[in-house]
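Reading through the structure tokens given below for one structure.
Residue numbers (the numbering used here), protein chains in the order written: chain A, 1 to 412; chain B, 1001 to 1412.
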């Protein structure tokens, strides 16, 4: 039987560095505006025109020359010839000459010559004229061309994970097709003779395949295209064949179950046989998830995930999600992540040199948020199901006291 | 020209209450396990069996009867007959009788009779026997059936927005098909003669259609099925026809652009013509987004969104996203939302009775997070593009001072 006594694990920081170097950014593709949100912008969006593209009225009112109405008062209104009316969506057919005004709706194109809009409440139409009762300064109630976003300015940076509201800028600048990174392709496979498909009746001694679906859902939520590549029996030839087929089509292969179970440690050997450059690391000094194994075969990253579901899900969140986001072109750190500050509800002891991830539930007590570490350890699925997020205990911290301030990364 | 002087807006709280009553929960459907994450669970998941379903070894070692090895020491080990070896994924073919042991791998099914597992490091095989050097208490290194999740316990509540990690429970209990609420169907339409499709060359006086795409992306991110139903000209008959067609297929119709532009206020009339029960409210005492209009025609909610993109996006986040999530079956408040506590970087003055939404950028200065209100007002798209989230200024608060503590709801 093999155990992990002989493995020298890398530190969590070393693993992050190795993964940082290993993940290459995928190529780009064009998508329609309707499908752009949630994708990663592949080219910076620079304003190719002014926005707004023409001077617009911010009010319903009258387009005037400010100089004409400088002396207007309620007692002595200025009368201007009403020479027309701006139609929304059209360029005005005629300018506003001195002594003239044109009616204009909100959003209407300011006529040439006009430099301000008098609100409808401060004017009164009298036949072919309009009386203005108050002066306006030049520029008043007008949105200048380029006032919102001037031509040439950078609107959205490349590497941005496009939010729904970012789509407004793509639409406003006429990007009906949007350059984005394609979704990284991820294969998920489970291995082990004891693993049974969820749809099958459960035979004694078997356990249902959890990781293929949980890791698949995590990868999808990280913006990836997911291939469910099935359950592979504990046989080196079958495993090699399955990993080879997955590696041929995917950027990352997540294989779970084979990297720590006694007597079935084929994963590392199979990964080696897939060719150079080979092993990046086997084992990380973390809890849970120590037996994690990462290798590279040509352009494809091969990951041996822990077999225990809770460990596999935690390792995904801590190491694989950032890797996949980076491979997908996203500039990490550009966005405020979802986290909460809380106080730790129970003391915790770790080991020096080991980075630990506590699954915690958040509870509010007397106006303070507390993070309660969940019972059951990594063998318990109930543990991760009840968790709102993770608290990372750094490698150089060995004890956390009850009441200590911690940061909780919320699960997505 | 129409203005909104005559409208009595409802308060933000009244609008929330009216929407709470108006939104009915959509029906359910079955989806495959691969597509369950991000959907809303329609029935509580109750454990129909113990998890694990059988007593499992937590170690590589030997299954024994604890009573047999109670006297074992390194100096005087207890010798047990090695009567077999448990194969992973199979029910053991024979029990462990007194004086016997069986080899067992991690995850193996504990044989009948055995009640503990001795770690491989504390035993030594000698021919057909194994010597045990230390006692173990009953239950040691064994995960009991149901220890993680006992049969009959509630695993996931109905109304839960399924996280990727929740999929682990669905798989573990064999739900290859999962009962979820169907996605609410949302139609988005833009109206206005000045509105131009993003793909077309921009003519003078026209503006590109932003809301149809931004609101569509927001609705998709709220879990909805989105129908892009185009740009409708400012004509009551055309608008009625388009809204009728959208209402026939969708649960919610989001129409933007027609609810505040001077001279083109057809939306309210068209909504009325679609039949009872009719108007819920026209105008909310908020900034931005005051002219928002909500009506009901039979089972369909008709929403007149503000025409200004920033206002439309803010109104969506504050009022429409919670509505759609509730209609989609989600139990709101069950999940910790993404927010940050910050200090307001510049003072702000509001009006009594009006709820305001500041678009803010978060910046870190000397270890503190500051929320900077963005310039430009709701007419500026740059405003919402640069924002990390919203600060709500309640109706009963009129002034916020520089440095005041605020909560920022992060944009998704």
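Quick reminder that beta carbons are idealized off the backbone N, C-alpha and C, glycines included.
Whole-angstrom distance between residue j and residue i, CA atom to CA atom
i: residue 172 of chain A; j: residue 1210 of chain B; result: 6 angstroms
i: residue 1095 of chain B; j: residue 1050 of chain B; result: 21 angstroms
i: residue 38 of chain A; j: residue 86 of chain A; result: 40 angstroms
i: residue 106 of chain A; j: residue 1045 of chain B; result: 54 angstroms
i: residue 1013 of chain B; j: residue 1386 of chain B; result: 28 angstroms
i: residue 408 of chain A; j: residue 339 of chain A; result: 5 angstroms
i: residue 1202 of chain B; j: residue 175 of chain A; result: 12 angstroms
i: residue 216 of chain A; j: residue 56 of chain A; result: 49 angstroms
i: residue 1283 of chain B; j: residue 1318 of chain B; result: 14 angstroms
i: residue 204 of chain A; j: residue 1104 of chain B; result: 15 angstroms
i: residue 40 of chain A; j: residue 160 of chain A; result: 5 angstroms
i: residue 1139 of chain B; j: residue 1115 of chain B; result: 6 angstroms
i: residue 162 of chain A; j: residue 320 of chain A; result: 21 angstroms
i: residue 1264 of chain B; j: residue 1233 of chain B; result: Low local confidence applies: a pLDDT of 48 at residue 1264 of chain B is under 50, so the model's placement there is unreliable, with the coordinate-based value given in what follows. So the alpha carbons of these two residues sit roughly 10 angstroms apart.
i: residue 1245 of chain B; j: residue 1253 of chain B; result: 10 angstroms
i: residue 396 of chain A; j: residue 1334 of chain B; result: 35 angstroms
i: residue 177 of chain A; j: residue 1328 of chain B; result: 30 angstroms
i: residue 1363 of chain B; j: residue 1371 of chain B; result: 7 angstroms
i: residue 412 of chain A; j: residue 35 of chain A; result: 21 angstroms
i: residue 352 of chain A; j: residue 313 of chain A; result: 23 angstroms
i: residue 1266 of chain B; j: residue 1342 of chain B; result: 42 angstroms
i: residue 1222 of chain B; j: residue 1357 of chain B; result: 20 angstroms
i: residue 230 of chain A; j: residue 270 of chain A; result: 17 angstroms
i: residue 17 of chain A; j: residue 220 of chain A; result: 24 angstroms
i: residue 983 of chain B; j: residue 1127 of chain B; result: Any property of residue 983 of chain B remains undetermined from this structure, which presents chain B solely from 1001 to 1412.
i: residue 28 of chain A; j: residue 337 of chain A; result: 25 angstroms
i: residue 261 of chain A; j: residue 1198 of chain B; result: In this prediction, residue 261 of chain A has a pLDDT of 45, which is less than 50 and means its spatial position is unreliable; what the coordinates show is noted afterwards. Cα to Cα, residue 261 of chain A sits roughly 56 angstroms from residue 1198 of chain B.
i: residue 1054 of chain B; j: residue 1118 of chain B; result: 18 angstroms
i: residue 97 of chain A; j: residue 80 of chain A; result: 10 angstroms
Cβ distance (whole Å) where residue i is taken to contact residue j below 8 angstroms
i: residue 1212 of chain B; j: residue 1190 of chain B; result: 5 angstroms
i: residue 360 of chain A; j: residue 374 of chain A; result: 7 angstroms
i: residue 1043 of chain B; j: residue 1179 of chain B; result: 5 angstroms
i: residue 1058 of chain B; j: residue 1142 of chain B; result: 7 angstroms
i: residue 323 of chain A; j: residue 19 of chain A; result: 5 angstroms
i: residue 355 of chain A; j: residue 286 of chain A; result: 5 angstroms
i: residue 1082 of chain B; j: residue 1101 of chain B; result: 6 angstroms
i: residue 393 of chain A; j: residue 350 of chain A; result: 5 angstroms
i: residue 281 of chain A; j: residue 22 of chain A; result: That pair is no contact at about 10 angstroms.
Nearest neighbour of residue i, chosen from the options [CA to CA]
i: residue 1070 of chain B; options: B/1392, B/1134, B/1159; result: B/1134
i: residue 1099 of chain B; options: B/1142, B/1106, B/1077; result: B/1077
i: residue 1136 of chain B; options: B/1126, B/1319, B/1072; result: B/1072
i: residue 1430 of chain B; options: B/1016, B/1019, B/1026; result: The first residue shown for chain B is 1001 and the last is 1412, placing residue 1430 of chain B beyond what the model contains.
i: residue 1024 of chain B; options: B/1251, B/1198, B/1388, B/1350; result: B/1251
i: residue 1316 of chain B; options: B/1337, B/1255, B/1371, B/1235; result: B/1255
i: residue 1248 of chain B; options: B/1268, B/1235, B/1227, B/1231; result: B/1227
i: residue 1272 of chain B; options: B/1285, B/1030, B/1302, B/1393; result: B/1302
i: residue 1052 of chain B; options: A/351, A/276, A/207; result: A/207
i: residue 1225 of chain B; options: B/1325, B/1278, B/1168, B/1200; result: B/1325
i: residue 47 of chain A; options: A/35, A/170, A/268, A/393; result: A/170
i: residue 1382 of chain B; options: A/28, A/127, A/168; result: A/168
i: residue 310 of chain A; options: A/230, A/257, A/276, A/31; result: A/257
Stretch pair the stretch 1355-1372 of chain B + the stretch 1293-1300 of chain B: three plus CB contacts closer than 8 angstroms: The stretch 1355-1372 of chain B, when compared against the stretch 1293-1300 of chain B, does not touch it at the 8 angstroms Cβ threshold.
The stretch 1103-1122 of chain B contacting the stretch 1058-1066 of chain B, beta-carbon criterion three pairs below 8 angstroms: Touching, yes, given that three or more Cβ pairs across the two stretches are closer than 8 angstroms.
Inter-stretch contact (C-beta, 8 angstroms, three-pair minimum) for the stretch 6-23 of chain A and the stretch 284-292 of chain A: Touching, yes.
Cβ pair count under 8 angstroms reaching 3, the stretch 175-184 of chain A against the stretch 1145-1154 of chain B: No contact exists between the stretch 175-184 of chain A and the stretch 1145-1154 of chain B.
Sufficient close CB pairs (3 or more, under 8 angstroms) joining the stretch 301-313 of chain A to the stretch 376-390 of chain A: Between the stretch 301-313 of chain A and the stretch 376-390 of chain A there are three or more inter-stretch CB-CB distances shorter than 8 angstroms, so the stretches are counted as touching.
At least three beta-carbon pairs within less than 8 angstroms, the stretch 1192-1205 of chain B to the stretch 80-91 of chain A: With the cut-off at 8 angstroms, the stretch 1192-1205 of chain B and the stretch 80-91 of chain A touch.
Contained beta strand (DSSP E) runs [length at least 3] in the stretch 1290-1317 of chain B, N- to C-terminal order: For the stretch 1290-1317 of chain B, whole beta strand (DSSP E) runs of length 3 or above, ordered along the chain, are 1293-1297, 1300-1305.
Validate contact between the stretch 1119-1139 of chain B and the stretch 1150-1168 of chain B using beta carbons, cut 8 angstroms, 3 pairs: No, the stretch 1119-1139 of chain B is not in contact with the stretch 1150-1168 of chain B.
Stretch-stretch touch, CB-based, cutoff 8 angstroms, three pairs: the stretch 1399-1408 of chain B with the stretch 1341-1349 of chain B: Taking a cut-off of 8 angstroms on C-beta distances, the stretch 1399-1408 of chain B touches the stretch 1341-1349 of chain B, as three or more cross pairs fall below it.
Contact between the stretch 228-247 of chain A and the stretch 1115-1130 of chain B (3+ Cβ pairs under 8 angstroms): Because the criterion of three Cβ pairs below 8 angstroms is not met, the stretch 228-247 of chain A and the stretch 1115-1130 of chain B do not touch.
Unbroken stretches of the alpha helix (DSSP H), 4 residues or longer, contained in the stretch 1308-1364 of chain B: Correct list: 1309-1315, 1321-1327.
Under 9 angstroms (Cβ pairs) to chain D, residues found in the stretch 1193-1215 of chain B: As a matter of chain content, chain D is missing from the structure shown, whose protein chains are A and B.
Unbroken stretches of the alpha helix (DSSP H), 4 residues or longer, contained in the stretch 46-109 of chain A: You should have found no qualifying run.
Alpha helix (DSSP H) runs wholly inside the stretch 1162-1235 of chain B, at least 4 long, in chain order: With a minimum length of 4 residues, the unbroken runs of alpha helix (DSSP H) contained wholly in the stretch 1162-1235 of chain B fall at 1167-1172, 1211-1221.
Contained beta strand (DSSP E) runs [length at least 3] in the stretch 109-139 of chain A, N- to C-terminal order: Under the rule that a run must span 3 or more residues, the beta strand (DSSP E) segments found entirely inside the stretch 109-139 of chain A read 116-119, 123-126, 129-132.
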